[in-house]
Every structure is written in structure tokens, then in C-alpha cells.
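Take a look at the structure set out below.
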Amino acid sequence: MSLVLRFAAGSHKGLIREGNEDSGYAGPRLLAVADGMGGAAAGEVASSEVLGSIVRLDEDVPGADLLTLLGDAVQGANDRLRQMVEEDPQLEGMGCTLTAMLWTGQRMGLVHVGDSRAYLLRDGSLTQITQDHTWVQRLVDEGRITPEEAETHPQRSLLMRALDGRGQVEPDLSIREVRAGDRYLICSDGLSGPVSHQTLEETLGSFYSPEQTVQELIQLALRGGGPDNITCIVADVIDVGATDTLSGRLDDIPVVVGAVAETPPASAADQSILNTPAGRAAGLGRPPQGAFGPAEGYQGGYGAAPGGFGPAEGYEDGYAAAQPAAYGSESYEEDEPRRKNRWAKISIVAAVTLGLLGGAGYIGWRWTQDQYYVGVDGDHVAVYQGINQSLAGLSLSSVHQTYQDIQLQFLPQDQRTHVSNTITASSLGDADDKVKKLGEQVAVCRKVAAGAKPAQGGAAGSTPSAAPTGDVTHASLTATSPATRNPAATPAPGALVPGQNTAGSTPSTAPGATPGTTPSAAPSQSASAPAPAPPSDVPTLTEEERQKAVSCPTP
0 MSLVLRFAAG SHKGLIREGN EDSGYAGPRL LAVADGMGGA AAGEVASSEV
50 LGSIVRLDED VPGADLLTLL GDAVQGANDR LRQMVEEDPQ LEGMGCTLTA
100 MLWTGQRMGL VHVGDSRAYL LRDGSLTQIT QDHTWVQRLV DEGRITPEEA
150 ETHPQRSLLM RALDGRGQVE PDLSIREVRA GDRYLICSDG LSGPVSHQTL
200 EETLGSFYSP EQTVQELIQL ALRGGGPDNI TCIVADVIDV GATDTLSGRL
250 DDIPVVVGAV AETPPASAAD QSILNTPAGR AAGLGRPPQG AFGPAEGYQG
300 GYGAAPGGFG PAEGYEDGYA AAQPAAYGSE SYEEDEPRRK NRWAKISIVA
350 AVTLGLLGGA GYIGWRWTQD QYYVGVDGDH VAVYQGINQS LAGLSLSSVH
400 QTYQDIQLQF LPQDQRTHVS NTITASSLGD ADDKVKKLGE QVAVCRKVAA
450 GAKPAQGGAA GSTPSAAPTG DVTHASLTAT SPATRNPAAT PAPGALVPGQ
500 NTAGSTPSTA PGATPGTTPS AAPSQSASAP APAPPSDVPT LTEEERQKAV
550 SCPTP
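For the sequence shown, the positions run 0 to 554 when numbering that gives the first Met the number 0 is used.
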């Protein structure tokens, strides 16, 4: 069995964005999508530089460990962005996501950073094989919101990880076993956002060729409003025989789409890889003569594989194929004003984008300040304002009010654990109510620790039981009911009590009375003396407090 990839890629700027900041690359070994963001040059520079850095992986069968190759390539791309920012501070803030797959012929290595996605269609069922590195996905993982709520959450685009040249990048790395008949989709959130999972599944399972499928997916995203740049790659794993030369020819032609086809990365100048198919694709339309256009060997144009693949109906300029225009030629001079206008538009868009991002960040911060929870501050309870999370090393919560008199040591173990893990509250008033209940429990446990006694009392006419002297322990408090009495303190029915006569008898007389009179009853054992009242400084528990005291921590 000989497995090969048959693939297609496409990209469109969408219906709202001024330009395309997505970049896509599909080759016989490497499939990758990068979604650019931020910075004075928008995100197209970051996405094209990242793909230009990792495209060298699209060689013959990789000779090293897949995950090591992918991890090193991603870190190298991140270092490249850091170097560019150091050389040009105006690029500060740019970054991009990256989802890429590296194929060996039997296995597929996957690297993922950000919110672009990879899917696998196998046996008619579509599975998302990456997890978004976003704020709302973290809320879903923690059970704070549902996946349905995440789709409309105002902070759904807030990334927790991205390639931005800052520090060490932490990509998700995995290896997947591949089967003949598998179909993979890699896309930016411009596709996965407006198009539902069910629609993606139906579309990927309905169209035969990757080329037709890519065109239909982009059309679906446009019909969904096209709010963002749309980039996708569809790759089929097929089993070919030794005589199937057509498949071999198709699968040797890399496809480059999106911003990377219009904004060639400076890193592509590395002459050591220019003689490979991956290197020619990394050149991104800059042949030795310096002309903008398809690199040698790609006369079909970017995104136009043999077999009639091209722009879908309705977006003829969507597949970002630059027109040849040699530097220094007359046509280049005529385009100079247009280029200046383009950069002016980019600057305006960048300013507006930064303003929107700042506004969204402020709205998100204000939302966190309307949240409250109960937690621990040192060895006592406190109410916190915000959410129990950190963003870029900064805590999103602060102590709103601390309660020095509610100490953790007096709380039962289960409540102590609950507070340590934080107790969510729907409002500040709800948080205060929860703290009040904790305070009541602490007050009871303080009494127990001080040697509190149960409330004294019993039935009318009964004699109080003799209470043990000294402090009452926690065990005796929980084992003894306040209604317990000394059985010897109550005379049995019919028994003679000193000073009381039985019916029909004559009063008892002193010794020496005349014969015939009824002798006095023998002295009976007197009832137990009442228990001394507890000292005034020892607290007494009510019945309700005694029930709470059962769970108090033992000394």
C-alpha cells in the first residue's frame, strides 16, 4: 500500500476586512495555515514570515522525529518574529496563529498554536483534532460556560497563545495514525466561525475532489457573512498503485495562498533551500529577475492546481494571485500612487483595529470587575472582585473585603476545602450571604473550642441531671442530648417520697408513737442533687448550634 496526499488550498479576504492577513501552504509533506493579527503592518507580515520559516519542512520523507522537527520549526519561526521586531519596533504587537501537519507517508505530525483548527473526516464522521487556545475555550473547559455560549461570547477571539516573538512558544504537538480514505481540513477561524460543525461535516463528505470542496467551503463562509479572512486546506489520503502517475504529478505541486502569496517573507532569501519545491514555494513569486508573479514551475498560479481548480464563482480575486510587474518597469511606476494609497489604508485600518482591540479589552476588563467570589486571604476568608484567572502573568482579581474574624482553622474540613478552591457568587450580595453563613459556622466552632455546653432544660417537674464538672469535649457534646436526665432523680410511680403520705394513711410520727398508728416510712435514698450551673464565662449552645457543632474540627 502506497499512501499519498491529494490536496487543495484557497483563501479569501472575506466581505468586511480591508486585506487578507491569512496565509496558507499545501505541499506533498506539509500543510499549514497561519492567521495574522495586530501590529502596524497588520498581521500579513507575521503570517507570511512564519510560513516562510517552516516551509523547509516540506522536503522528502523527514529524517528526524516528527515532533522534534515541528517543535524546532515553530520555535525558529517565533525567534524570527522576535528578530524582526528588534530590527523594526513599528512591528511590535504583530503575531499569528499556526496549525500545521507534517506527513511521513504513514503518520501525520500535528503542531497547533492559537484558534485556527484542524479536523479529520473518517468514516463520515467529522472530529476537531485541535483545541482552541482562547479565553472562552478555557471557560468551557472549566465548566463556567457552555460550548453554545462560547460561540457568541464577546471575548471569543481573545487568544491565550500565539506566535508573537515573545518568550518561548508552547505549541500542542501530537502524532496521528493515518488511514486511506481520511480527509483532513485545516482552516482559519474565518471558516470555522460562520460555518457550523454539522455543515462542515456534510460539505466535506459530499464533494469528491479537494478543489471543489475548498471552493464550496469558502462560498459557505461568504454566505455566512464573511466577517473575517477565510483560508482552508483540504487534503485526502489516497492509496495509489505504482502506475498511477497522475496522482504523483498532482501531489508534487505546492500551493501558496493568502497574504504569503502577496507579501513574500524576507526569510525566503535563504539560498540553501531555493532549489527544492518547498524552497521555490518559499520564494513566493520572486524569481531571480525580481518579478512579482508565480515562481518558476508554478505557471498555473497560486491555488490553481491542474484540473481546473481556481476561484469559486463570486470571488474571482479571492485566491490572491499577484500579477507580474517587474521592479523598475513602467507598470511598476504607474502603480506607485496606488501602493502609497494601499499603505495609507493599511495604516488607517491598523489604527482602527487597535482602537477596537483596546475597546474590547476595556469591555472585557469591566466585565471581570462585575464578578465576585469567596476565597482565602492568608488564614482567613475574603471576598474577591474579578475572576480567579491570570492573563499574561497579571491577576484578574483583587481582594474586595477581608474578614479577619472568620478564620479557616475553625471551619469544617469540607467547607475549608471549598473556600480554598473558591466559591463562585452571582453578585456582591450573594458573596456577602455566603460569607455570613461561613461566619455563623465559625462562631459555633469557636464556642466548641472554648468548651461550650449544650442548652439546659427538660420536661416540667423533672430534676436536672448532674452535669460533669469542667469543660465539655467535642465528643461528649455530639454524643449527649440536652434532654438526657439522671434516671435516679425521678421517683418511680407509687414510691414514697419523704414528706408525702400514701392515700388513707396517717401522718408518720416520731419514734415512740402510740401503738396502732402507722409507722413512718423508712428513710429513702434522696434524689441526686441538681448539677451545678455552668460558670458564667462558659458559652452555652442552642439546639441549632449543637447541630452545626457536629461538623466542627476536633482539637
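Here a beta-carbon is modelled for each residue, glycine too, at the ideal position from N, C-alpha and C.
Note that the coordinates shown come from a computational prediction; the quantities given were computed from them, not determined experimentally.
**Message:** Using only CA atoms, which one of Thr96, Ser394, Glu439 and Gln370 lies nearest to Trp428?
**Reply:** Position 429 of the sequence shown holds residue 428. Note that residue 428 is Gly in the sequence shown, not Trp. It is Gln370.
**Prompt:** Which of the three DSSP states, helix, strand or coil, is assigned to Ala349?
**Reply:** Residue mapping note: residue 349 aligns to position 350 of the sequence shown, counting from 1. Ala349: helix per DSSP, three-state reduction.
**Asked** What residue from Arg55, Leu101 and Asp188 has the CA that sits closest to Ser10's CA?
**Response** Locating residue 10 in the sequence shown gives position 11, counting from the first residue. Cα-wise, what sits closest to Ser10 is Asp188.
**Request:** Could you tell me how far apart the beta carbons of Gly192 and Leu14 are, in whole angstroms, since I believe they sit closer than 8 Å?
**Result:** Taking the first residue of the sequence shown as position 1, residue 192 is located at position 193. Taking the first residue of the sequence shown as position 1, residue 14 is located at position 15. Actually they do not touch by this definition, with Cβ atoms about 13 Å apart.
**Prompt:** What is the DSSP secondary structure of Asn77, reduced to helix, strand or coil?
**Reply:** On the sequence shown, position 78 is the one that residue 77 refers to. Asn77: helix per DSSP, three-state reduction.
**Prompt:** Short check: CB of Leu138 to CB of Ile128, under 7 Å?
**Reply:** As a first step, residue 138 must be located in the sequence shown, where it is residue number 139. As a first step, residue 128 must be located in the sequence shown, where it is residue number 129. No, the pair does not count as a contact, with Cβ atoms beyond the cut-off.
**Asked** Are at least three pairs of beta-carbons, each pair with one atom in the region 60-80 and one in the region 161-168, less than 8 Å apart?
**Response** yes
**Message:** Out of Gln384, Val375 and Thr96, which one is the CA nearest neighbour of Ile405?
**Reply:** Here residue 405 refers to the residue found at position 406 when the sequence shown is read from its first residue. Ile405 has its Cα closest to that of Val375, out of Gln384, Val375 and Thr96.
**Asked** For Arg28, does the count of other Cβ atoms within 10 angstroms reach 16, so buried, or fall short, so exposed?
**Response** In the sequence shown, the residue the question calls residue 28 occupies position 29. Counting Cβ neighbours within 10 Å, Arg28 comes out buried, since at least 16 surround it.
**Item:** Three CB pairs or more closer than 8 Å across the region 46-61 and the region 353-360
**Value:** no
**Request:** Would you check if the distance between the CB atom of Val380 and the CB atom of Tyr402 is smaller than 7 Å?
**Result:** Position 381 of the sequence shown, counted from the start, is the residue given in the question as residue 380. Position 403 of the sequence shown, counted from the start, is the residue given in the question as residue 402. In this structure, Tyr402 lies closer than 7 Å to Val380 by Cβ.
**Neighbourhood of Thr202 by C-beta distance below 7 Å, restricted to the same chain and skipping five residues each side** = Position 203 of the sequence shown holds residue 202. Taken in chain order, the residues that qualify are Thr212, Glu215, Leu216 and Leu219.
**Message:** Three or more C-beta pairs under 8 Å: does that hold for the region 146-156 against the region 87-103?
**Reply:** no
**Asked** With a CB to CB cut of under 8 Å and the five nearest residues on each side skipped, what residues in its chain are close to Glu543?
**Response** Mapped onto the sequence shown, residue 543 falls at position 544. If we look at Glu543 and ignore the five residues flanking it on each side, it has no Cβ neighbours.
**Prompt:** With burial defined as no fewer than 16 other Cβ atoms inside 10 Å of the residue's Cβ, what is the status of Lys639: buried or exposed?
**Reply:** Because the chain is modelled from 0 through 554, residue 639 falls outside the range shown and cannot be assessed.
**Straight-line gap, Glu210 to Val255 (C-alpha atoms, nearest Å)** = If you number the sequence shown from 1, residue 210 lands on position 211. If you number the sequence shown from 1, residue 255 lands on position 256. Whole-angstrom Cα-Cα distance: 14 Å.
**Message:** I believe Pro253 touches Gly26 by the beta-carbon criterion, under 8 Å. Please report the beta-carbon distance rounded to the nearest angstrom.
**Reply:** The residue labelled residue 253 in the question sits at position 254 within the sequence shown. The residue labelled residue 26 in the question sits at position 27 within the sequence shown. That pair is a contact at about 4 Å.
**Prompt:** Which residues in the same chain as Gln400 place their Cβ atom closer than 6 Å to its Cβ, once the five residues preceding and following it in sequence are excluded?
**Reply:** Looking up residue 400 in the sequence shown gives position 401. Closer than 6 Å at the Cβ level, and outside the excluded window around Gln400, lie Val382.
**Asked** Where DSSP assigns a beta bridge to Thr230, which residues make up the other side?
**Response** Here the question's residue 230 lines up with position 231 in the sequence shown. Answer by DSSP bridge pairing, in chain order: Ser10.
**Item:** Contact set for Cys95: own chain, Cβ-Cβ below 7 Å, skip 5 residues either direction
**Value:** On the sequence shown, residue 95 is found 96 positions in, with the first residue counted as 1. Once the five neighbours on either side are set aside, the close Cβ partners of Cys95 are Ala33, Asp34, Gly35, Met36, Gly42, Ala45, Ser46, Val49, Ala161 and Leu162.
**Message:** What residue range does the beta strand (DSSP E) around Arg121 cover?
**Reply:** Translated into the one-based positions of the sequence shown, residue 121 becomes position 122. Per DSSP, Arg121 belongs to the beta strand (DSSP E) from Arg116 to Arg121.
**Asked** Which runs of the alpha helix (DSSP H) fall wholly inside the region 81-141 and span at least 4 residues, in chain order?
**Response** 134-140
**Message:** Please tell me whether Arg365 and Phe409 are closer than 7 Å, where the distance is taken between their beta carbons.
**Reply:** As a working mapping, residue 365 is identified with position 366 in the sequence shown. As a working mapping, residue 409 is identified with position 410 in the sequence shown. Cβ distance not < 7 Å, so Arg365 and Phe409 don't count as in contact.
**Contact set for Val443: own chain, Cβ-Cβ below 6 Å, skip 5 residues either direction** = Within the sequence shown, numbered from 1, the residue matching residue 443 stands at position 444. For Val443, where only same-chain residues beyond five positions count, the Cβ hits under 6 Å are Glu544, Lys547 and Ala548.
**Asked** If we call anything under 7 Å between Cβ atoms a contact, is Val233 one with Leu184?
**Response** Here residue 233 is taken as the residue at index 234 of the sequence shown, counted from 1. Here residue 184 is taken as the residue at index 185 of the sequence shown, counted from 1. Yes. Within cutoff.
**Request:** Quick one: residues in its chain with C-beta nearer than 6 Å to the C-beta of Val84, no 5 flanking neighbours on either side, listed in chain order?
**Result:** Taking the first residue of the sequence shown as 1, we reach residue 84 at position 85. Only Leu90, Glu91 and Gly164 meet the Cβ criterion.
**Request:** Sort out for me which residues DSSP pairs Ala25 with in a bridge.
**Result:** Here residue 25 is taken as the residue at index 26 of the sequence shown, counted from 1. Ala25 pairs with Leu30 and Val254.
**Prompt:** Which two residues bound the contiguous alpha helix (DSSP H) that contains Ser394?
**Reply:** What you label residue 394 is simply residue 395 of the sequence shown in a count that begins at 1. No alpha helix (DSSP H) contains Ser394, which is instead part of the beta strand (DSSP E) from Leu393 to Gln406.
**Through-space distance from Asp238 to Leu1, alpha-carbon basis** = Start at 1 with the first residue of the sequence shown, and residue 1 comes out as number 2. Start at 1 with the first residue of the sequence shown, and residue 238 comes out as number 239. The displayed chain sequence assigns Ser, not Leu, to residue 1. Using only the alpha carbons, I get a separation of about 5 Å.
**Item:** Length of the line joining the Cα atoms of Thr67 and Arg155
**Value:** Position 68 of the sequence shown, counted from the first residue, corresponds to residue 67. Position 156 of the sequence shown, counted from the first residue, corresponds to residue 155. Roughly 31 Å between the two C-alpha positions.
**Prompt:** In this structure, does DSSP put Glu20 in helix, strand or coil?
**Reply:** Translated into positions along the sequence shown, residue 20 becomes position 21. Coil at Glu20, not helix or strand.
**Request:** Check Arg415 in the structure and name its three-state DSSP category.
**Result:** Within the sequence shown, the letter at position 416 stands for residue 415. Of the three classes helix, strand and coil, the one that applies to Arg415 here is helix, per DSSP.
**Residues bridged to His379 (per DSSP)** = Translated into the one-based positions of the sequence shown, residue 379 becomes position 380. Note: His379 sits in a beta bridge opposite Asp376 and Gln406.
**Request:** Find the nearest neighbour of Thr230 within the set Ala449, Gly18, Gln440 and Pro88, judged by alpha-carbon distance.
**Result:** The residue you call residue 230 lines up with position 231 of the sequence shown. Among Ala449, Gly18, Gln440 and Pro88, the Cα nearest to that of Thr230 is on Gly18.
**Request:** Would you grab the beta carbon distance between Arg106 and Arg175 for me? Rounded to a whole angstrom, and I think it's under 8 Å.
**Result:** Your numbering for residue 106 matches position 107 in the sequence shown. Your numbering for residue 175 matches position 176 in the sequence shown. Right, the Cβ-Cβ distance comes to about 7 Å (below 8 Å), so this counts as a contact.
**Request:** Would you kindly check if the distance between the Cβ of Gly204 and the Cβ of Gly108 is under 7 Å?
**Result:** Locating residue 108 in the sequence shown gives position 109, counting from the first residue. Locating residue 204 in the sequence shown gives position 205, counting from the first residue. Not in contact: Gly108 and Gly204 (Cβ atoms no closer than 7 Å).
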